[in-house]
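Participant: In the numbering used here, the protein residues as written are 999 to 1399.
Right, I'll just put the structure down here and ask away after.
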Ligand code: SAJ
């Protein structure tokens, strides 16, 4: 069995490695020659614990090889980004481009699977494209949509142990896809059709976005009501059937903050709650920036000098180094733009240096600052002692006070 993975990113590369580890001959394809070169050198270009060892083993054994071009295989996986355009319209051009690239290689009996998060109907659209260019393959190849749900930072475990939803364009395709994934997935493989599988991925992340929006809305209300939102949520969650998530400085990453737009773009009249949750989570970041800017002004009025401000955290979520689409980065930038040269110390313990922000070590920044804005709840921040002599702004539950 030979599998061709189109896209060696946060999902494609780990999946290619795990498949290669389980006896499948894998050709990993990426348009970025540097990614190909690093992968063939056994160097991981993404941050994922214990994946580098597996990469080295599978490259050394020849089970995994990377290239800019596909090779004839039995199964083809589309694992490329699906961002959205300026107007929040989904962009499946990478999925289409990857599909066109493998078109000439497809032959009777092959399996074609999309893993990329996609708007409903994408798998059908791609099948029409394939059969338009290769009419002789109609009903002769297996086509399915199989989303992933791994949590960055825990991919090597979750890729094997998470249940997966397998949505074929027909039941034979579903069965063929299940046969493939059964080689390395220990979680249950749940059968459905392609449209349901596409919507399932969007549903999972939209549900989380709404849950986070509820927590963020509570934080706005509690700030005005003089209630400690962390205490409130902790108490409400004592109810056996209540599970309110944690407020933050906004929702980052290119999953939860993106996927709901795949639904609202196609179903604008029906998806009001989903759209409102996006608005609330985006507004929370703006609200946090305004709070910090007001704190700076209040400090200047009270102390007749400009404060030193520590912005604690740039990553989009705790204990990772990924700053892409990070609300913390957005807030830090907004504060720096308007602080008229208050001294802003930027802290991100998971990153050595940054090409835009000069970084300060977190203890030093905490010591020096008059105002401390906690944006990302990194574990080291929780070791800091609570200081009554500083203006502490806890947007992400470091002190929960
Ligand atoms: N966040 C909060 N409060 C919370 C939880 C999260 O403010 O209580 C924020 C985080 O700080 C972050 C954002 O939301 O900015 C997203 O965080 P996340 O924990 O959802 O992490 P992701 O986006 O890396 O992973 C999600 C996961 N989806 C679900 O949990 C339903 C993961 O399983 C998916 O595979 C991934 O999206 C994806 O790739 O779609």
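Don't be surprised by glycine CBs; every beta carbon is placed ideally from N, CA and C.
Model, not experiment: these values are computed from the prediction.
With respect to the alpha helix (DSSP H) encompassing residue 1335, which residues constitute its N-terminal and C-terminal limits?
Facilitator: Segment 1325 to 1336, the alpha helix (DSSP H) holding residue 1335.
Participant: I'd like the ranges of any beta strand (DSSP E) spanning at least 3 consecutive residues and lying wholly in the stretch 1148 to 1194.
Facilitator: You should have 1162 to 1166, 1187 to 1191.
Participant: Would you kindly work out how many angstroms separate the C-alpha atoms of residue 1393 and residue 1287, rounded to a whole number?
Facilitator: About 10 Å.
Participant: From which residue to which residue does the alpha helix (DSSP H) around residue 1230 run?
Facilitator: It spans 1227 to 1234 - the alpha helix (DSSP H) in which residue 1230 sits, taken as one unbroken run.
Participant: Counting C-beta neighbours from all protein chains within 10 Å, is the total for residue 1066 16 or more, i.e. buried, or is it exposed?
Facilitator: Exposed, by the Cβ-count rule.
Participant: Out of 1190, 1028, 1259, state which residue places its alpha-carbon closest to the alpha-carbon of residue 1085.
Facilitator: When only C-alpha atoms are compared, the closest one is 1259.
Participant: Exposed or buried, which one is residue 1266 when buried takes at least 16 other CB atoms within 10 Å?
Facilitator: Residue 1266 should be labelled exposed.
Participant: Using the rule of at least 16 other Cβ atoms within 10 Å of the residue's Cβ for burial, across every protein chain shown, is residue 1060 buried or exposed?
Facilitator: So residue 1060 counts as exposed.
Participant: Going along the chain, which unbroken runs of the beta strand (DSSP E) with 3 or more residues stay wholly within the stretch 1017 to 1053?
Facilitator: Runs found: 1023 to 1027.
Participant: Tell me which residue opens and which closes the beta strand (DSSP E) that residue 1001 is part of.
Facilitator: 1000 to 1004 is the span of the beta strand (DSSP E), which, as asked, contains residue 1001.
Participant: Kindly identify the DSSP beta-bridge partner or partners of residue 1082.
Facilitator: According to DSSP, residue 1082 bridges with 1088.
Participant: Which residue comes first and which comes last in the beta strand (DSSP E) that contains residue 1410?
Facilitator: A query on residue 1410 cannot be resolved here, the shown segment of the chain reaching from 999 to 1399 and no further.
Participant: Under the rule that 16 or more other beta-carbon atoms within 10 Å means buried, what is residue 1162, buried or exposed?
Facilitator: Buried.
Participant: What do you reckon, are the CB atoms on residue 1337 and residue 1300 nearer than 9 Å?
Facilitator: For residue 1337 and residue 1300, no; Cβs fall outside 9 Å.
Participant: Have a look at residue 1184 and residue 1155 and give me their C-alpha separation to the nearest angstrom.
Facilitator: Roughly 10 Å separates the two Cα atoms.
Participant: Have a look at residue 1329 and residue 1174 and give me their C-alpha separation to the nearest angstrom.
Facilitator: Roughly 47 Å between the two C-alpha positions.
Participant: Give a yes or no on whether the minimum CB-CB distance between residue 1230 and chain C is below 9 Å.
Facilitator: Among the chains in the structure shown there is no chain C, since it carries only a single protein chain.
Participant: With a floor of 4 residues, list each alpha helix (DSSP H) that falls wholly inside the stretch 1055 to 1141, ordered by position along the chain.
Facilitator: As far as the stretch 1055 to 1141 is concerned, its whole alpha helix (DSSP H) runs of at least 4 residues are 1091 to 1100, 1120 to 1131.
Participant: Please list, in chain order, all residues of the same chain as residue 1176 whose beta carbon is under 8 Å from its beta carbon, the five residues on each side excluded.
Facilitator: Excluding positions up to five away in sequence, the list reads 1164, 1187, 1189.
Participant: Give the secondary structure of residue 1371 by DSSP, where H, G and I count as helix, E and B as strand, and everything else as coil.
Facilitator: In the structure shown, residue 1371 sits in a strand (DSSP, three-state: E or B).
Participant: Taking the CB atoms as reference points, tell me whether residue 1000 and residue 1025 lie closer together than 9 Å.
Facilitator: Going by C-beta atoms, residue 1000 is nearer than 9 Å to residue 1025.
Participant: Within 10 Å of its beta-carbon, does residue 1255 have 16 or more other beta-carbons around it, so buried, or fewer, so exposed?
Facilitator: Counting Cβ neighbours within 10 Å, residue 1255 comes out buried, since at least 16 surround it.
Participant: Under the DSSP definition of a beta bridge, which residues are partnered with residue 1009?
Facilitator: In the DSSP output, where bridge partners are listed per residue, residue 1009 has none listed.
Participant: Residue 1113 and residue 1076 look like a contact to me (Cβ under 8 Å); what is the Cβ gap, rounded to whole Å?
Facilitator: Contact holds; Cβ gap of about 7 Å.
Participant: Please determine whether the Cβ atom of residue 1394 lies at a distance below 8 Å from any heavy atom of the ligand HEM.
Facilitator: No copy of the ligand HEM occurs in the structure displayed; its ligands are the ligand SAJ alone.
Participant: Quick one: Cα of residue 1206 to Cα of residue 1170, how far?
Facilitator: Cα to Cα, the separation comes out at about 32 Å.
Participant: Which residues in the same chain have their Cβ closer than 6 Å to the Cβ of residue 1143, if we skip the five residues on either side of it in sequence?
Facilitator: Same-chain partners within the cutoff: 1112, 1121, 1165, 1192, 1195, 1196.
Participant: Bridge partners of residue 1307, per DSSP?
Facilitator: Paired residue(s): 1342, 1369.
Participant: Which whole-angstrom value is the C-beta distance of residue 1370 and residue 1333, which I expect to be below 8 Å?
Facilitator: About 12 Å separates the two Cβ atoms, so there is no contact after all.
Participant: Cβ-heavy atom distance between residue 1214 and the ligand SAJ below 8 Å?
Facilitator: Yes, the beta carbon of residue 1214 sits closer than 8 Å to at least one heavy atom of the ligand SAJ.
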